[in-house]
Each structure stands twice: as structure tokens, then as C-alpha cells.
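Q: The following block contains the structure, expressed as C-alpha cells.
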Amino acid sequence: MRNKIVFFLNGTKEEVGSEHAGLMLSDYLRLKKNLTGTKVVCAEGDCGACSVLRYFPHKQTTEEGTYLPINSCITLVANLDGSSLVTVEALKEDDKFHVSQKAMIECHGSQCGFCTPGFVIALSGLVEKKISENKCSLNSQEAKNALTGNLCRCTGYEPIINSALNMDLKSASSLKNRYFSKQQEQELKKTTDESVKIEGSDFSYFAPKTLNEALDYLKQYPQARITGATTDLGVVHNKRKIQLNHVLSLHLIENSYKIEKNGDEITIGARVTLSDFRSFMKIHLPEMAHYLDIFASPQIKNLATVVGNVANASPIGDTPPALLALRGRVVINGSKEIPLEKFFKGYRQTALGQGEIITAIKMTLPKKNADLRFYKNSNRKDLDISAINLAIHTEWKNEEKTEIKDIIIAAGGVAAIPMRMVKTEDFFKQNNDLKGALSILHQEFNPLSDLRASAAYRHVLVENFIKRFFAECGGLQ
Ligand SMILES: Cc1cc2nc3c(=O)[nH]c(=O)nc-3n(C[C@H](O)[C@H](O)[C@H](O)COP(=O)(O)OP(=O)(O)OC[C@H]3O[C@@H](n4cnc5c(N)ncnc54)[C@H](O)[C@@H]3O)c2cc1C
Ligand code: FES
Ligand code: FES
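Residue numbering for the sequence shown follows numbering that gives the first Met the number 0, starting at 0 and increasing by one per position.
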């Protein structure tokens, strides 16, 4: 059993105990390591100024298998155990700028000193991805996607996008080659074969190797908070609404990274990130991958877990309606299964009991004759929380799509929980009548008016998404 977190920072081994393991990484870098190139502006994961690159070799499912950008302002140092990190200070090689830095200088992409390091890190992550894919070109959509997690308050995006497009990928050298040797890999493997327990006066942390150890720990310390990647918890912690001072992490449990397909059933382990989920679904359900493109930013998706999104039980979380439409089930303590519609109990309340851990989420892929769509409306297209999200899954009795065999309509932003529109579903199944169903629909939910949308607007959105679904799939016309 270790009592220290181990990771590599710009190629140098760091061992961190109770004194600093409970800090957010950005504070550790700036205040303890004097690496002030990493900036903190929003401290909420929104602006990307704090971006650093992280590679986590312990996980075997990562498609890219290389350094990915993450937000250091909402990431606990403890949760970086087993990682290799690269900060903006380490991009330059001797006196030679990294291709991302060179392009930013040449295309006048460098504007204020707060956002530029984050943009450079996001671009360097894109370069690493291209190197790992053995590709030397990129298009403007790829450049924009890679930059969705970085805000520039002076709105000078054009030169930054030009910088991305002008990076000389042919001459780029791999950060992985520079900062992650075979020897470091073996060293991290050896350390992550052991669990970690830190017991300090201000910060306690346990990362076990097995589920049983995790469950025993929760019995002993019911107050310990289970963390995924802290992309939700870190924001609330930074706002001082909670304190992450007693933490249980599942990051060393091998099985928790599993994402697999068995027949038409998909199982998503507790530590599967949204990026890994997206890559997997691109093969098995492209509609889901497409929907996840407008979930947060690359920095968030590279860390945040699908299970965290469900457990967080936000009424406007983006995966719950989609998972409800795919007959999602929550797997608890490795054995008990609860249908997702029974999991959400009230505003941010779930059926998860004390001492229980979500070990996986299961879902069933749609049948061949089914139509499935996911919709999201938010004030800003990228990196914004939904006003309404909605998923519809319909199986048809006939090829003409005039008779519905089964239908699931699930929505977020309509009530205190993500919910299924059960009465509307029943009406559809009995009457195959869109107009009639829409009149039932509006009696079924009573949304709030808030800064994202008024109740009236939410009603219009839900109705329009349903109409759009039938127009897109050519059913009930
Ligand atoms: C800038 C920004 C943008 C975002 N954009 C979106 C968006 O577009 N759509 C969206 O839906 N969300 C969004 N989020 C919210 C957040 O990223 C997601 O909810 C994410 O999936 C949470 O996962 P996590 O691993 O970080 O969870 P954490 O923050 O670690 O945990 C969240 C909750 O889940 C619990 N938990 C985690 N794992 C387990 C487990 N195994 N068993 C039991 N409980 C567990 C924790 O105790 C906590 O209550 C955004 C957040 C930020 C900061
Ligand atoms: S400081 Fe804004 S995302 Fe971290
Ligand atoms: S680059 Fe910082 S505000 Fe535009």
C-alpha cells in the first residue's frame, strides 16, 4: 500500500503526500512548482486557460493512447496518480519552439497572456493526436473542435484557427517520445499495481485495487466521496459549496475502464470517459457519437466519466435522456441492476444507497427497424449546458412507418429529474397520431423558467424536437 500519489511532471517523477494531494492541479503547478505558465481564469472548467496535457497509460481503452488536454483547475492532484503530465513550459525543445507555438507566433494568434498558454496546449494536444494517427494534415473543422474548450475574451479566434491550420505537422516531434520513456512506463505500472491510502489531517484519500476494498472502505468511512474525474465536484469545491477532503477513487480498479459490447448490450465501466465512450459509440451507434460532439469540451470529455454524468443526477445532464431511450440500467456494487427510470428520485437525488457504488451502466442498442435521435438545445452550441435535451427511440410495426410498435421519449430540462414522457408514449402506441400525442405531451411536464430558457420556450422546444424526429425519419406522415 502506498501513501503517496505518483506521477510524472514534464518528465520528472513527483511523489505527493497528504500535504498537497488534495490541491487542484493548477494550484499545485502554480504555487508549489512555480509553473505559472498554466493560468487560472474561471476555475470552473469553462475557459481552458488552465489546460495541461495528460497521458494515462494504466488505462488500456484510450483510442489515442497519448497526451490529451485536460482542465487542471478542477482536477485533484490525487486523481492524477499514475499519469504523465506536460505543461506549457515543457513544449519548447532546447531553443526550438513547439510547432503549435511557432504557428501562434507566425499567425499572430498570441493575444493576451491569460488565454494563450491554454490555446497552445489545446493545439499541442491536437498535434499529438495527429502524430499518434500518423497523419500530417488537418482541416478547419478539426481545428475548431480541438479549440472548443478554450475561450478568448477579446474574440480574436480567426488568427488562432489560422495558427492551427498553419502548424507544420511534418516537422512536429512527439511529446510522448520526449516525456514518456519505457522505463517511466514500467515505473508507473509498478506503482499503480499498489493501492494508495493517504491519511492526513486535511485530506484523506483511498484508491483501492478491487471493488471489495472500495466497498469495505465505504462501510468504514460512509462520509468519503466517490469521485470520477471531479468535473462536477471540482466546480462545486472551487465555489466552496463542498470540500473534497475525504475521497474514494476507483481509478486503479482494472475492470472500471471496460467498455464492451455483448450481443446488443453495451456495458460502460465506472471510469470510462466521455471521450472513450464517444470513440466506442462511433462504431456501434454513430448517432450517440454525434450527440457527444456537443457535450462540453475535449478537455472535459478527456477526463469526465459517463457514470459521473448519471450519478450527478442533474436534470439537464446530457447522457441520461439518451440512456433512458436505450433502456439504460445502473449496475450497483457489481451485481444489482436498477432501470435508469427508477434511479432518478428527485432533484439530484438517486436510488443509490449508503455504501453503494455504481460499477457500470448498461444499455441496449436499437433494433434494425428502429429510429433513434438525440437532440440538445443550449444558448451556445459548444461547451454549454442544455436548456432542453431529448431522446426518441421508435420501433415500427410496418415498413411504411405508420404504426408504432414501441416508443420511448425521454427528456432533460423539463422537470427535477430526467424523465420519460410515459403518457405520450402510451398514446402514440395506441393511436399512431402525432397531433393527438402532442396535446397529451404538454400536460405531462411543467418546466421551470430560468436563465437558460423560459417554461414556454421549453414547451416549444420539446414539441419541435418531436415533430422534427418524425419529419427526419419519415414516420406517421
Ligand atoms: C465546463 C463544463 C462543461 C460541462 N458540459 C456538460 C455538458 O455539455 N453536458 C453534461 O451533461 N454535463 C456537462 N458537464 C458536467 C460534467 O462534466 C459531467 O456531469 C461529467 O460526466 C461528470 O463526470 P465526472 O467523472 O467528472 O464526475 P464527478 O464530478 O467526479 O462526480 C459527479 C457525481 O457522481 C458521483 N460519482 C462518480 N462516480 C461514481 C460512482 N462510480 N458511483 C457512485 N457515484 C459516483 C460523485 O460522487 C458525484 O456526486 C460539464 C462540466 C463542466 C465543468
Ligand atoms: S481556469 Fe478556466 S477552465 Fe480552468
Ligand atoms: S487571447 Fe486572451 S482575451 Fe483573447
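Just so it is clear, CB atoms sit at the ideal spot from N, CA and C, and this is done for glycine as well.
Nothing here was measured: the structure is a model prediction, and the numbers come from that model.
Which residue marks the beginning of the beta strand (DSSP E) containing threonine 363, and which one marks its end?
A: Mapped onto the sequence shown, residue 363 falls at position 364. Run containing threonine 363: 357-363, per the beta strand (DSSP E) assignment.
Q: In whole angstroms, what is the alpha-carbon distance linking histidine 283 and valine 15?
A: Taking the sequence shown and counting its residues from 1, one reaches residue 283 at position 284. Taking the sequence shown and counting its residues from 1, one reaches residue 15 at position 16. Between histidine 283 and valine 15, the C-alpha separation is close to 40 Å.
Q: Taking buried to mean at least 16 other C-beta atoms within 10 Å of its own C-beta, is threonine 61 buried or exposed?
A: If you number the sequence shown from 1, residue 61 lands on position 62. Per-residue confidence for threonine 61 stands at a pLDDT of 49, beneath the threshold of 50, marking its modelled position as unreliable; the derived number appears in the next sentence. Classification for threonine 61: buried.
Q: Measure from the alpha carbon of alanine 42 to the alpha carbon of each residue in Thr266, Leu84, Ser71 and Asn388, then state which is nearest.
A: Taking the first residue of the sequence shown as 1, we reach residue 42 at position 43. The shortest Cα separation from alanine 42 among Thr266, Leu84, Ser71 and Asn388 belongs to Ser71.
Q: So is glutamine 298 buried or exposed if we call it buried at 16+ other beta carbons inside 10 Å?
A: As a first step, residue 298 must be located in the sequence shown, where it is residue number 299. Flag for glutamine 298 reads buried.
Q: Mapping DSSP to helix, strand and coil, what is leucine 382?
A: The residue you call residue 382 lines up with position 383 of the sequence shown. Note: leucine 382 maps to coil in three-state DSSP.
Q: Please state whether DSSP places glutamate 186 in a helix, a strand or coil.
A: Working through the sequence shown from its first residue, we reach residue 186 at position 187. Reduced to three states, the DSSP call for glutamate 186 is helix.
Q: Under 6 Å, CB to any heavy atom of ligand 3. Which residues pass, going along the chain?
A: Those residues, listed in chain order, are Gln110, Cys111, Phe113, Cys114, Thr115, Cys151, Arg152, Cys153 and Gly155.
Q: Here's the rule: buried if 16 or more other CB atoms are within 10 angstroms of the residue's CB, otherwise exposed. What is serine 334?
A: The count along the sequence shown starts at 1 and reaches residue 334 at position 335. That one is exposed.
Q: Put valine 413 into one of helix, strand or coil per three-state DSSP.
A: Taking the sequence shown and counting its residues from 1, one reaches residue 413 at position 414. In this structure, valine 413 counts as coil in the three-state DSSP scheme.
Q: Following the continuous alpha helix (DSSP H) through glycine 117, name the residue where it begins and the one where it ends.
A: Along the sequence shown, one-based indexing puts residue 117 at 118. Here the alpha helix (DSSP H) through glycine 117 covers 115-132.
Q: Which one of Phe202, Val305 and Ile387 has the shortest CA to CA distance from isoleucine 408?
A: The count along the sequence shown starts at 1 and reaches residue 408 at position 409. With distances taken between Cα atoms, isoleucine 408 lies closest to Ile387.
Q: Under 7 Å: does the beta carbon of valine 51 sit that close to some heavy atom of ligand 2?
A: Here residue 51 corresponds to residue number 52 of the sequence shown, with the count starting at 1. Incorrect: valine 51 has no Cβ contact closer than 7 Å to ligand 2.
Q: Can you tell me whether DSSP reads glutamate 394 as helix, strand or coil?
A: Counted from its first residue, the sequence shown places residue 394 at position 395. Strand at glutamate 394.
Q: Measure the beta-carbon distance from threonine 37 to cysteine 49 and round it to whole angstroms, keeping in mind my assumption that it falls under 8 Å.
A: In the sequence shown, residue 37 corresponds to position 38, counting from 1. In the sequence shown, residue 49 corresponds to position 50, counting from 1. So it is a contact: roughly 6 Å between Cβ atoms.
Q: So glycine 307 and methionine 362 are in contact, right, with Cβ under 8 Å, and what is the actual spacing, rounded?
A: As a first step, residue 307 must be located in the sequence shown, where it is residue number 308. As a first step, residue 362 must be located in the sequence shown, where it is residue number 363. So it is not a contact: roughly 16 Å between Cβ atoms.
Q: Could you tell me the boundaries of the alpha helix (DSSP H) in which lysine 12 lies?
A: Residue 12 sits at position 13 when you count from the first residue of the sequence shown. From DSSP, lysine 12 is part of no alpha helix (DSSP H) but of the beta strand (DSSP E) over 11-15.
Q: Would you identify the three-state DSSP class for threonine 61, choosing helix, strand or coil?
A: Numbered from its first residue, the sequence shown carries residue 61 at position 62. Since pLDDT at threonine 61 reaches only 49, below the 50 mark, its modelled position is unreliable, and the value read off the structure follows with that caveat. Three-state DSSP puts threonine 61 in coil, outside helix and strand.
Q: Could you give the distance in angstroms between the alpha-carbon of tyrosine 374 and the alpha-carbon of glutamate 443?
A: Sequence index remark: in the sequence shown, residue 374 carries index 375 (1-based). Sequence index remark: in the sequence shown, residue 443 carries index 444 (1-based). Approximately 19 Å between the Cα atoms of the pair.
Q: Under the criterion of a Cβ to heavy atom distance below 7 Å, does phenylalanine 55 qualify as lining ligand 1?
A: As a working note, residue 55 is residue 56 in the sequence shown. Flag unset: Cβ of phenylalanine 55 not near ligand 1.
Q: Would you mind sorting glutamate 424 into buried or exposed? The rule is 16 or more other CB atoms within 10 Å of its CB.
A: Sequence index remark: in the sequence shown, residue 424 carries index 425 (1-based). That one is buried.
Q: Can you tell me whether DSSP reads valine 235 as helix, strand or coil?
A: Here residue 235 refers to the residue found at position 236 when the sequence shown is read from its first residue. In the structure shown, valine 235 sits in a helix (DSSP, three-state: H, G or I).
Q: For serine 83, which three-state DSSP category applies?
A: Position 84 of the sequence shown, counting from 1, holds the residue named residue 83. The answer is strand: DSSP assigns serine 83 an E or B state.
Q: Confirm, please, whether the CB-CB distance from glutamine 183 to phenylalanine 7 is below 8 Å.
A: Taking the sequence shown and counting its residues from 1, the one referred to as residue 7 is at position 8. Taking the sequence shown and counting its residues from 1, the one referred to as residue 183 is at position 184. It is a contact, given that the beta carbons lie within the stated cut-off.
Q: What residues in its chain sit with their C-beta under 7 Å from that of isoleucine 130, if we drop five residues either side in the sequence?
A: Position 131 of the sequence shown, counted from the first residue, corresponds to residue 130. For isoleucine 130, where only same-chain residues beyond five positions count, the Cβ hits under 7 Å are Ala171 and Ser173.
Q: Considering aspartate 45, what are the terminal residues of the beta strand (DSSP E) in which it resides?
A: Walking along the sequence shown from the start, residue 45 turns up at place 46. First-last for aspartate 45: undefined, no H or E at that position.
Q: Please classify histidine 392 as buried or exposed, where buried requires at least 16 neighbouring CB atoms within 10 angstroms.
A: Taking the sequence shown and counting its residues from 1, the one referred to as residue 392 is at position 393. Counting Cβ neighbours within 10 Å, histidine 392 comes out buried, since at least 16 surround it.
Q: Cα-Cα, which of Val330, Tyr290 and Ala303 is closest to alanine 321?
A: In the sequence shown, counting from the first residue as 1, residue 321 sits at position 322. When only C-alpha atoms are compared, the closest one is Tyr290.
Q: Cβ atoms of glycine 354 and proline 446: under 8 Å apart, would you say?
A: As a first step, residue 446 must be located in the sequence shown, where it is residue number 447. As a first step, residue 354 must be located in the sequence shown, where it is residue number 355. Going by C-beta atoms, proline 446 is not nearer than 8 Å to glycine 354.
Q: Compare the Cα-Cα distances from isoleucine 4 to each of Tyr204, Thr147 and Leu164 and report the closest residue.
A: Taking the first residue of the sequence shown as 1, we reach residue 4 at position 5. Taking only the C-alpha atoms, the option nearest isoleucine 4 is Tyr204.
Q: Find out if the Cβ-Cβ distance for the pair leucine 247, alanine 269 is shorter than 8 Å.
A: In the sequence shown, the residue the question calls residue 247 occupies position 248. In the sequence shown, the residue the question calls residue 269 occupies position 270. For leucine 247 and alanine 269, no; Cβs fall outside 8 Å.
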